[in-house]
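In our numbering, the protein residues as written are 217 to 477.
Glycine included, C-beta positions come from ideal geometry on N, C-alpha and C.
Please read all numbers here as calculations on a predicted model, not as lab measurements.
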Amino acid sequence: MFTFGVDIGSTTSKCVVLKDGTQIVGSSLYVGGIGTGSPEKARREALEKAGITEDELSGTTATGYGRNRTENADYNVSELSCHALGAHLIFPNVRTIIDIGGQDAKVISLMENGRMKDFLMNDKCAAGTGRFLDVMANVLQVPVNEMSGVAAGATAPAPISSTCTVFAESEVISQLANGVKMPELLSGICESVATRVASLAKRINIVPEVCMSGGVAQNEAVRSALSRHIGFPILFSDKAQLFGAIGAARYAYEKALKGTV
Ligand code: ADP
Numbered sequence: 217m218f219t220f221g222v223d224i225g226s227t228t229s230k231c232v233v234l235k236d237g238t239q240i241v242g243s244s245l246y247v248g249g250i251g252t253g254s255p256e257k258a259r260r261e262a263l264e265k266a267g268i269t270e271d272e273l274s275g276t277t278a279t280g281y282g283r284n285r286t287e288n289a290d291y292n293v294s295e296l297s298c299h300a301l302g303a304h305l306i307f308p309n310v311r312t313i314i315d316i317g318g319q320d321a322k323v324i325s326l327m328e329n330g331r332m333k334d335f336l337m338n339d340k341c342a343a344g345t346g347r348f349l350d351v352m353a354n355v356l357q358v359p360v361n362e363m364s365g366v367a368a369g370a371t372a373p374a375p376i377s378s379t380c381t382v383f384a385e386s387e388v389i390s391q392l393a394n395g396v397k398m399p400e401l402l403s404g405i406c407e408s409v410a411t412r413v414a415s416l417a418k419r420i421n422i423v424p425e426v427c428m429s430g431g432v433a434q435n436e437a438v439r440s441a442l443s444r445h446i447g448f449p450i451l452f453s454d455k456a457q458l459f460g461a462i463g464a465a466r467y468a469y470e471k472a473l474k475g476t477v
């Protein structure tokens, strides 16, 4: 049985085809969220990679920021539930998920069966989200996927004192003008995101195992600083950005098993 999950985020569209609720047989990721052609491109590519057609799907779930504007979905489920389902499938013992996406950060507590128990979210401020990193990447002309690698060369992170993204942007520009080197600046930027998210995470009871989801999970500098701040190791999967879409496909599978499509 094949089921489909589409996660239309604020910045990126992700799709996954699951076989029998467990095996990822097709996936895709296109930068561009709601209001762009990316969800449809991602959909076609994931089906193509799975080598199946639309008609062979037993169910589709839409999740993410743009889920309410999605056609072709049988179900519409919150990203919190989908990240929980997706993370649980990849890491069966995970009890806390730290999700940092393009415009918000969430900390999700899970029950042993992978269902969501509690959550906290920062969706009011760009600091502590992928948006902060995207703004800084743009200012410093460093691709967002290279930030962590450059930051690894720092002797110590440059302190970023501004908590507001707009002020932090000016602060970074003036530090650069004052001769602070790129690795130190990038290390400071990653540290700043980790500090913000760690303070959110500490407001919830962090139970191990802990994993990250969302695109920022790929940033090793953020991951390791976050782990240091919360005092727990953080599990990493190269599929972390797909967890929402994986969970969405899993949801459709569980519904199909119950014969509710
Ligand atoms: P959304 O669902 O809101 O679109 P995602 O979970 O897809 O968000 O994450 C998008 C964010 O992930 C981007 O803002 C970007 O900062 C970050 N990101 C994407 N790819 C990478 C990468 N290879 N390395 C580091 N960060 C990345």
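Distance, residue j Cα to residue i Cα
| i | j | result |
| --- | --- | --- |
| Thr-411 | Met-337 | 15 Å |
| Tyr-291 | Glu-270 | 15 Å |
| Phe-307 | Leu-442 | 19 Å |
| Pro-482 | Ile-446 | Because the chain in this structure spans residues 217 to 477, residue 482 falls outside the shown range and cannot be described. |
| Glu-287 | Asp-454 | 28 Å |
| Ala-465 | Phe-335 | 21 Å |
| Cys-406 | Val-396 | 15 Å |
| Ala-468 | Gly-267 | 19 Å |
| Leu-245 | Arg-347 | 18 Å |
| Ala-370 | Gly-404 | 9 Å |
| Gly-178 | Phe-218 | The structure shown has nothing for residue 178, since the chain only spans 217 to 477. |
| Lys-235 | Glu-362 | 33 Å |
| Ala-258 | Gln-319 | 20 Å |
| Ala-565 | Asn-394 | No answer is possible for residue 565: the residues shown for the chain start at 217 and end at 477. |
| Val-247 | Ser-390 | 30 Å |
| Ser-377 | Thr-252 | 35 Å |
Assumed close pair residue i, residue j - CB separation to whole angstroms, cut-off 8 Å
| i | j | result |
| --- | --- | --- |
| Ala-472 | Ser-274 | 4 Å |
| Val-426 | Leu-451 | 7 Å |
| Ala-321 | Thr-381 | Going by Cβ atoms, the distance from Ala-321 to Thr-381 rounds to 13 Å, so no, they are not a contact pair. |
| Ile-324 | His-299 | 6 Å |
| Leu-401 | Val-388 | 6 Å |
| Val-232 | Gly-249 | Val-232 to Gly-249, Cβ: 16 Å. No contact. |
| Ser-226 | Ile-313 | The pair is not a contact, with the Cβ atoms about 18 Å apart (cut-off 8 Å). |
| Leu-296 | Met-332 | 6 Å |
| Ser-364 | Asn-435 | 5 Å |
| Gly-460 | Gly-280 | 6 Å |
| Val-360 | Glu-385 | The Cβ separation is near 15 Å, so there is no contact. |
Where residue i falls: helix, strand or coil (DSSP)
| i | result |
| --- | --- |
| Lys-397 | coil |
| Ala-289 | coil |
| Lys-235 | strand |
| Ile-462 | helix |
| Asp-271 | helix |
| Ile-306 | helix |
| Tyr-246 | strand |
| Gly-221 | strand |
| Ile-316 | strand |
| Val-426 | strand |
| Lys-265 | helix |
| Lys-471 | helix |
| Ser-229 | strand |
| Ser-294 | coil |
| Ile-450 | strand |
| Ser-455 | A small fix is needed here, since residue 455 is Lys in this sequence, not Ser. Coil at Lys-455, not helix or strand. |
| Lys-322 | strand |
Neighbour flag for residue i against chain B, beta carbons, 8 Å
| i | result |
| --- | --- |
| Asp-290 | Considering every chain present, this structure includes no chain B. It has just one protein chain. |
Length-filtered (4 minimum) alpha helix (DSSP H) runs lying within the segment 332–416:
The segment 332–416 is shown to contain whole alpha helix (DSSP H) runs of 4 or more residues at 346–356, 363–367, 381–393, in chain order.
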